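With our numbering, letter number 248 in the sequence shown gets 262, and the count goes up by one each step, no holes.
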Amino acid sequence: MRLDHSPLHQELKAHALDIQSKPMREMFRDDPNRFANFSVQGPHIFLDYSKNLINQNTLSLLNKAAENAQLHEQIKTLFNGGKFEGRLLNHTENRSVLHTALRQPVDSSLILDGKNIIEDVKQCREKMAGFLQKIHTKQILGFTNKPLRTLVSIGIGGSFLGPKVVTEALKPYAQEGYNCHYLANIDGTDLAEILQKIDPETTLFLLQSKSFSTLETLENAKEVKAWLLQSGVSEAQIRQHFIAVTANNSAAIEFGIDEDHIFPMWDWVGGRYSLWSAIGLPIAFVLGMNNFEALLSGAHEMDQHFLNTDFDQNLPVMMALLGVWYQTYFDADSHAILPYDQYLQYFPDHLQQLDMESNGKHVDRDGKDLGYHSGPVIWGGVGCNGQHAYHQLLHQGTRLIPSDFIIPLQSHHDIGAHHKHLFANCLSQSQALMQGKNLQEATDELLAAGMDQAKAAQLAPHKVIKGNRPSNTLVLEKTTPESIGALIALYEHKVFVQSVLWNINAFDQWGVELGKSLSSNLYQALEGSDSNHQFDASTEGLLNKFKQADC
Ligand code: F6P
Numbered sequence: 015m016r017l018d019h020s021p022l023h024q025e026l027k028a029h030a031l032d033i034q035s036k037p038m039r040e041m042f043r044d045d046p047n048r049f050a051n052f053s054v055q056g057p058h059i060f061l062d063y064s065k066n067l068i069n070q071n072t073l074s075l076l077n078k079a080a081e082n083a084q085l086h087e088q089i090k091t092l093f094n095g096g097k098f099e100g101r102l103l104n105h106t107e108n109r110s111v112l113h114t115a116l117r118q119p120v121d122s123s124l125i126l127d128g129k130n131i132i133e134d135v136k137q138c139r140e141k142m143a144g145f146l147q148k149i150h151t152k153q154i155l156g157f158t159n160k161p162l163r164t165l166v167s168i169g170i171g172g173s174f175l176g177p178k179v180v181t182e183a184l185k186p187y188a189q190e191g192y193n194c195h196y197l198a199n200i201d202g203t204d205l206a207e208i209l210q211k212i213d214p215e216t217t218l219f220l221l222q223s224k225s226f227s228t229l230e231t232l233e234n235a236k237e238v239k240a241w242l243l244q245s246g247v248s249e250a251q252i253r254q255h256f257i258a259v260t261a262n263n264s265a266a267i268e269f270g271i272d273e274d275h276i277f278p279m280w281d282w283v284g285g286r287y288s289l290w291s292a293i294g295l296p297i298a299f300v301l302g303m304n305n306f307e308a309l310l311s312g313a314h315e316m317d318q319h320f321l322n323t324d325f326d327q328n329l330p331v332m333m334a335l336l337g338v339w340y341q342t343y344f345d346a347d348s349h350a351i352l353p354y355d356q357y358l359q360y361f362p363d364h365l366q367q368l369d370m371e372s373n374g375k376h377v378d379r380d381g382k383d384l385g386y387h388s389g390p391v392i393w394g395g396v397g398c399n400g401q402h403a404y405h406q407l408l409h410q411g412t413r414l415i416p417s418d419f420i421i422p423l424q425s426h427h428d429i430g431a432h433h434k435h436l437f438a439n440c441l442s443q444s445q446a447l448m449q450g451k452n453l454q455e456a457t458d459e460l461l462a463a464g465m466d467q468a469k470a471a472q473l474a475p476h477k478v479i480k481g482n483r484p485s486n487t488l489v490l491e492k493t494t495p496e497s498i499g500a501l502i503a504l505y506e507h508k509v510f511v512q513s514v515l516w517n518i519n520a521f522d523q524w525g526v527e528l529g530k531s532l533s534s535n536l537y538q539a540l541e542g543s544d545s546n547h548q549f550d551a552s553t554e555g556l557l558n559k560f561k562q563a564d565c
């Protein structure tokens, strides 16, 4: 039964009203075991969720909602690629969902349509390892016989964000002398800036596109080819500098890529879940195959935890239930991701695609309008920088914005007192969000500083911080390939569980299609090849501005 059609929905609504009346700081005062009761250790990650607007009753109601949605059965379906209630998880694209198979041990098996797909995964991994071995041992060289030490990964969306977040997160593990640039945007600036930094003789270009039909990627690839030709590479030598990952072999071959240098993608892997496949080649190129495999094993540990752990100890489930709690019952329209680790600076970007492309939906699995909010706006950035910018709104704005603080216990750079300060700052933020500062405290503080009563009464309301703002704190031992694998898999599963509770398909993305098709008409209008098309007045006016400026 859909969440809003069940009596539980009314119970959760009433409970949400009730729990807001009790300050969280009192919940901590009344229960000395609150931290122990509302925290859990998972693979590589400790989750403290005690600073949330919850009590045991909240969790039991949310657990009931999970049971009503048959979460257990749906999790099993996520791992076997089968059907739930007669339909594939991605029924609107008629595709199985099996990105978890990419991190399964390669000696295991998983049969899909009569075929052991783990065998395909294994072969792909061997092909990646063999190719990279040839690059690293200089058996494959550039057109002037120099080693290929720079990779430019050309791709967008899931063919970009996942590898990028990981290569940055694991920079300390990079192999000396190898580096990678990511070219995603159709904005020529992206291309121009990268071309300035690279040497055609030592650069390998990787075309990353599941469909091999994405405009940005194909246009960038075309211009890169032209640049190589201008740089002295002959038509025949171009092949030495291009490889591809795609599910569309024929288009890649037509582009001029050797069949041997095409790595597979499968229908059962969505773009935003693809970093674990050959789309992860930039990760393996920069960090080495051993670190790529360690990343996969960390993700697999999280998979096993998700599949086999009771819901009350299950990290992805707990985080998802809390997410549903705030989006659906507190009208929280955004969720902040606040990594206190410079290497995790791109993590919010990856989660934006993962979460918003998955759960940014307005109809349920049957195509009926939802009677509640689905996925939130995901945003964020590295601490402490945000503290001197948008945290003001987190503390004193009118909106309730749940936040995830993410911090490792150990830094890769133990410089002076930096890491202790970083850790202290991270805790200070979640503490301030939770406890706030009431009017009496604000007034007392001003009086103690010597202010007279009248002035203190005027100023104090501006210093009040309401508190009761929820947050999770995720603590990693250190950013390692295993912990980063576990962290990304944790959020993938969190997003899935939320989709189950909201009864939506988290694996399609029809919303991005309309803009794509409109943009092709608009491009033709700019080119002058389609002058008959009628646009609205605003679009027409803006087109004319561009045409008038066009030189
Ligand atoms: O436009 C959205 C999208 O389809 C994403 O889901 C996907 O990750 C991205 O475009 C890139 O697609 P492709 O790998 O086919 O180029």
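We put the beta carbon where it would ideally sit given N, CA and C, even for glycine.
All values derive from a computational prediction rather than experimental measurement.
For the beta strand (DSSP E) holding residue i, just list the boundary residues, first then last.
i, result
"Ile-351", "348-353"
"Ser-167", "164-168"
"Gln-55", "53-56"
"Trp-339", "Careful: Trp-339 lies outside any beta strand (DSSP E), inside the alpha helix (DSSP H) at 329-343."
"Cys-6", "The requested residue 6 does not occur in the structure, where the chain is confined to residues 15 to 565."
"Phe-219", "217-222"
"Leu-61", "59-62"
Are the beta-carbon atoms belonging to residue i and residue j less than 7 Å from one another?
i, j, result
"Ala-183", "Thr-493", "yes"
"Met-333", "Lys-65", "no"
"Pro-177", "Pro-278", "no"
"Phe-325", "Asn-486", "no"
"Ala-500", "Pro-57", "yes"
"Asn-517", "Arg-379", "yes"
"Tyr-404", "Leu-26", "no"
"Pro-416", "Asp-355", "no"
"Ala-313", "Ala-539", "no"
"Gln-367", "Arg-483", "no"
"Leu-310", "Arg-117", "yes"
"Leu-220", "Ile-257", "yes"
"His-507", "Pro-330", "yes"
"Leu-73", "Gly-95", "no"
"Gly-270", "Glu-215", "no"
Under a Cβ-count criterion, where at least 16 other Cβ atoms within 10 Å of its own Cβ denotes burial, should residue i be classed as buried or exposed?
i, result
"Val-526", "exposed"
"His-432", "exposed"
"Phe-560", "exposed"
"Asp-201", "exposed"
"Lys-36", "exposed"
"Gly-464", "exposed"
"Ala-346", "buried"
"Thr-203", "exposed"
"Ala-198", "buried"
"Gly-144", "exposed"
"Ala-206", "exposed"
"Leu-67", "buried"
"Lys-224", "buried"
"Arg-163", "buried"
"Glu-541", "exposed"
"Ala-235", "buried"
Using only the heavy atoms of the ligand F6P, determine whether one of them is closer than 6 Å to the beta carbon of residue i.
i, result
"Gly-285", "yes"
"Val-526", "yes"
"Thr-5", "This structure cannot speak to residue 5, because the chain is shown only from 15 to 565."
"Lys-224", "yes"
"Ile-479", "no"
"Ser-173", "yes"
"Gln-523", "yes"
"Ile-582", "Any answer about residue 582 is impossible in this case: the structure gives the chain only from 15 up to 565."
"Ile-170", "yes"
"Thr-228", "yes"
"Thr-164", "no"
"Thr-553", "no"
"Thr-231", "yes"
Please report the residue range of the alpha helix (DSSP H) in which residue i lies.
i, result
"Asp-363", "361-365"
"Val-111", "Run containing Val-111: none; DSSP gives neither H nor E here."
"Gln-70", "70-82"
"Arg-39", "38-44"
Task: Contained alpha helix (DSSP H) runs [length at least 4] in the stretch 458-505, N- to C-terminal order - done: Entirely contained in the stretch 458-505, the alpha helix (DSSP H) runs reaching 4 residues are, in chain order, 467-477.
TODO: Go through the stretch 125-172 residue by residue and report every complete run of the beta strand (DSSP E) that reaches 3 residues or more, in order.
DONE: For the stretch 125-172, whole beta strand (DSSP E) runs of length 3 or above, ordered along the chain, are 164-168.
Open item on the list: Threshold first: 3 residues or longer. Then list the beta strand (DSSP E) segments lying entirely within the stretch 375-439, N to C.
Closed with: You should have 391-394, 417-422.
Task: Contiguous alpha helix (DSSP H) assignments of at least 4 residues, all confined to the stretch 211-281 - done: Counting only runs of 4 or more, we get 229-244, 263-269.
Open item on the list: Extract the residue ranges of the alpha helix (DSSP H) inside the stretch 496-561, only unbroken runs of 4 or more that lie entirely within it.
Closed with: For the stretch 496-561, whole alpha helix (DSSP H) runs of length 4 or above, ordered along the chain, are 527-541.
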